[in-house]
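For what it's worth, my numbering labels the leading residue of the sequence shown as 1, then goes sequentially. Structure record follows, encoded as structure tokens.
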Amino acid sequence: MGESENNLVRETLLFLTEEAQKLEMNEFLLIGGNAVIAYGVPRFTRDVDFVIPERVKNVWRSFLEDLGFQLIHGTQAFLQFEDQENSKPRVDLMVVDENTWEKLNARAYVLELGESISAEVAAPDHIIAMKLAACQSPHRRSDAIDWSDVVELTIRRGFDPENDQEFSDLVLRYGGELLLGKLVDEINSRKES
């Protein structure tokens, strides 16, 4: 993916965030690759990902459709939109129940995205949990970099999967024993080099 494609993703993220905030649609959190970038991990991403509470799902669908996006795939927990003119990146919405939303929203961080625009971003450990769940999914595309995101966020945010029981419990819950062991090994090998 080239720099111009990454800039288009960023421009779309800023545009959607600003437009949503203008309409006082404040119940969304940035997740996915752009959230990883917001926490200081350099990487590319091809889409814009938000998590929203289920009760605003139809509002978001109308909002995106009014901006020229078309629903291409939808389930109870996930909506995927493409720009009808194919000039903007895909937008993915993860839809969660009220209880999950309250937990995610309570610990979100407000981060500057640039150009005087800030947005709430899911907490780093919540992003890691989502990425671990994605690593376990048989439907993930093979080039997904979810594992790299888990490792880099763990290191950059100072999480310790070997000695922090709360964090290791999170990794076990969303990634299982195999991924916990793999994460501990990878972090230890980085410390040695």
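Cβ atoms here follow ideal geometry from the backbone N, Cα and C, with glycine treated the same way.
Beta strand (DSSP E) segments (min. 3 residues) lying fully within the segment 90–136: 90–96, 109–114 and 117–121
Could you tell me how far apart the beta carbons of L170 and V91 are, in whole angstroms, since I believe they sit closer than 8 Å? In fact, because the Cβ distance is near 27 Å, the residues do not count as touching under 8 Å.
Is the beta carbon of M63 less than 8 Å from the beta carbon of E82? The question names Met, yet the displayed sequence has Phe at residue 63. Going by C-beta atoms, F63 is not nearer than 8 Å to E82.
In terms of residues, what are the limits of the alpha helix (DSSP H) holding I187? Q165 to E192
Cβ distance (whole Å) where A133 is taken to contact A122 below 8 Å: Wrong, their Cβ atoms sit about 13 Å apart, outside the cutoff.
Excluding sequence positions up to five away, which residues of its chain have a Cβ less than 6 Å from the Cβ of I187? none
Could you check the C-alpha separation between P124 and L67 for me, to the nearest Å? 30 Å
CA-CA distance, E27 and E192? 43 Å
In this structure, what does DSSP give as the bridge partners for Q70? E82
Within a Cβ cutoff of 7 Å, which residues of the same chain sit near E112, ignoring the five residues on either side of it in sequence? S118
Would you give the residue range spanned by the beta strand (DSSP E) that L153 belongs to? Premise fails: L153 lies in the alpha helix (DSSP H), D146 to R156, not in any beta strand (DSSP E).
Just to confirm before moving on: does the CB-CB distance between K57 and V95 stay below 8 Å? yes
Beta-carbon proximity check, L29 vs V51, cutoff 8 Å: yes
Measure how close the beta-carbons of M25 and V48 come, nearest whole angstrom, since I'm counting them as under 8 Å. No, M25 and V48 are not in contact; Cβ-Cβ is about 14 Å, not under 8 Å.
Measuring only the C-alpha atoms, how far is I128 from R157? 11 Å
Inter-residue spacing [alpha-carbon to alpha-carbon] between D146 and A106: 24 Å
Helix, strand or coil for V48? Go by DSSP, reduced to three states. strand
Note the first and the last residue of the continuous alpha helix (DSSP H) segment covering A35. G32 to A38
Measure the alpha-carbon distance for S189 versus G181 and round it to whole angstroms. 12 Å
Buried versus exposed call for D164 [16 or more other C-beta atoms within 10 Å across all chains shown]: exposed
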